[in-house]
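Peer 1:
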Amino acid sequence: MRPETLAGAGPTEEPREVRAWSSCLQLAAMRNVNIILQHYNFTGKLTNRQSGDEGMGLIRTAFAIISCIIILENLLVLLAILRCLRARRWVYSCIASITVSDLLAGIAYLSNLCLSGKKTFQLSPQLWFLREGILFIALAASTFSLLVTAIERYSAMVRPIAENEASKTLRLRSLIISCWLLAFIIGLLPLLGWNCLCDFNACSVLLPLYSKNYILFSVVMFSIILLGIIGLYISIFQLVQASSKQSSSRHSRKRSLRLLKTVLIILGAFIICWSPLFVLLLFDVFCETQTCKYLHSLDWTLALAMLNSSINPVIYSLRSVEVRRAVGSLLCCCCVSVGLCKPGNCVVITDINSGSSTESSLEVGHTPENLPSSKVPTQ
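Letter 227 of the sequence shown, counting from 1, is numbered 227 in the UniProt record's numbering, and no numbers are missing.
The following block contains the structure:
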């Protein structure tokens, strides 16, 4: 039988769910209950937790090695750009932004691995949100940087007159700064309040403190960006193909094929690396919290998405002759400094100001026959 209303009480009572939610938050604030443990237990992640999850284990060690590779290769490219190229042209600013975001992604994923297992339940909710949020920031910044690169490459082609370098630099820096600010905002939204603390039924299974609405928002946003990148690169290739038809130059045709190959690598790597994570998160959003028995972990899909950060330096940086020379020069200097090779065995490049440019190769009307032989575009 339902208990009678106490004398002096209002005509209505707070709903049971509201009282439970308020009580849960109060207990969490006073640290009288491990709210993270409660969320993991409710979603079933504790039930499906394997004993090997408590340590690093072989799989997590492999993921940690991948993270270290991502950190090292992106750090190498970033140092090469700063040392030899000094971000003179817009393309190097884009590459630097992508490299920094991918470097942060590797650091974030490595930190996530080190703070997983039993250490997860020693974190406060704020630190848990920060742990996951840094990873979202890095992935968002990387995706936004790829979008900026595609936009700049497209605008370089459709612009009939070359843009003033000063205005282009200012516009590009504004875009990059805006992308990073937006990435920080998106990644920290759960920490700022868009979460499901104590609202267990609204929580994600894969990320037990994240709201399903936030997960859906992120997936939709990244999917739209992916479609935008695909559309831009399709337009870029169509413009280059149309431009090459106006010239009988063999170099123009080869350049078109090279650009198509680059575009296919970019799109293929992005789709292959990101699609499994997006699909898994969509399953998480539309599945009832306590009935998603097959959603236990996103380690493999997240690792595949992170692998994109190790591929980006190759397809965005090392396909450029200038960056490849800069990386080689930096590695050579490192070898000389540790005594692995003699100073005369390599060429030290302090600043590369080559005429070959990704930008020039993507502008309509700038065909290789109009350029000196040493300035044939590489894209």
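Ideal Cβ placement from N, Cα and C applies to all residues, glycine included.
Fair warning: this is a prediction, and the values are worked out from it, not measured in the lab.
Tell me which residue opens and which closes the alpha helix (DSSP H) that Gly133 is part of.
Peer 2: From DSSP, the alpha helix (DSSP H) with Gly133 extends over Pro125 to Val158.
Peer 1: Assign Cys94 to one of three DSSP states: helix, strand, or coil.
Peer 2: Reduced to three states, the DSSP call for Cys94 is helix.
Peer 1: Hey, quick one: how far does the alpha helix (DSSP H) through Gln38 stretch, first residue to last?
Peer 2: It spans Ile35 to Thr43 - the alpha helix (DSSP H) in which Gln38 sits, taken as one unbroken run.
Peer 1: Assess, as a yes-or-no matter, whether the stretch 199-210 is touched by the stretch 178-189 under the definition of 3 or more beta carbon pairs within less than 8 angstroms.
Peer 2: Judged by Cβ distances under 8 angstroms, the stretch 178-189 makes no contact with the stretch 199-210, as fewer than three pairs qualify.
Peer 1: At which residue ranges does the stretch 160-204 contain complete alpha helix (DSSP H) runs of 4 or more residues, listed in the order of the chain?
Peer 2: 165-192, all fully within the stretch 160-204.
Peer 1: Given this structure, state the Cα-to-Cα distance separating Arg173 from Ser93, to the nearest angstrom.
Peer 2: Each residue's alpha carbon lies about 8 angstroms from the other.
Peer 1: Measure the alpha-carbon distance for Ser329 versus Leu197 and round it to whole angstroms.
Peer 2: Approximately 51 angstroms between the Cα atoms of the pair.
Peer 1: Does the separation of the CB atoms of Ile36 and Leu123 fall below 8 angstroms?
Peer 2: Going by C-beta atoms, Ile36 is nearer than 8 angstroms to Leu123.
Peer 1: Can you tell me where the alpha helix (DSSP H) with Gly57 in it begins and where it stops?
Peer 2: Gly57 to Ala80 is the span of the alpha helix (DSSP H), which, as asked, contains Gly57.
Peer 1: Could you check whether Thr301 and Ile225 sit closer than 8 angstroms to each other, using their CB atoms as the reference points?
Peer 2: Result no, Cβ atoms of Ile225 and Thr301 do not sit closer than 8 angstroms.
Peer 1: Can you confirm whether the stretch 207-224 touches the stretch 128-148 when touching is taken to mean that 3 or more C-beta pairs between the two stretches lie within less than 8 angstroms?
Peer 2: Enough Cβ pairs lie closer than 8 angstroms, so yes.
Peer 1: Please work out which residues of its chain come closer than 6 angstroms, Cβ to Cβ, to Phe136, disregarding the five sequence neighbours upstream and downstream, and give them in chain order.
Peer 2: Contacts found: Gly187.
Peer 1: How about Ser145 and Ile70: are their beta carbons less than 8 angstroms apart?
Peer 2: For Ser145 and Ile70, no; Cβs fall outside 8 angstroms.
Peer 1: If you draw a straight line from the alpha carbon of Ile81 to that of Ala96, how long is it in whole angstroms?
Peer 2: Each residue's alpha carbon lies about 7 angstroms from the other.
Peer 1: Helix, strand or coil, according to DSSP, for Ser320 in the structure here?
Peer 2: Of the three classes helix, strand and coil, the one that applies to Ser320 here is coil, per DSSP.
Peer 1: Taking just the CA atoms, how far does Thr120 sit from Arg159?
Peer 2: Distance between the alpha carbons of Arg159 and Thr120: 51 angstroms.
Peer 1: Give the C-beta separation of Phe200 and His39 to the nearest angstrom, bearing in mind that I take them to be a contact with Cβ-Cβ under 8 angstroms.
Peer 2: That belief holds up - the Cβ atoms of Phe200 and His39 are roughly 7 angstroms apart, short of 8 angstroms.
Peer 1: So, using beta-carbon positions, are Met306 and Ala105 closer together than 8 angstroms?
Peer 2: Against a cut-off of 8 angstroms, the Cβ pair of Ala105 and Met306 comes out as a contact.
Peer 1: Measure the C-alpha to C-alpha separation of Tyr233 and Ile265 and round it to an integer number of angstroms.
Peer 2: Going by the C-alpha atoms only, they are around 11 angstroms apart.
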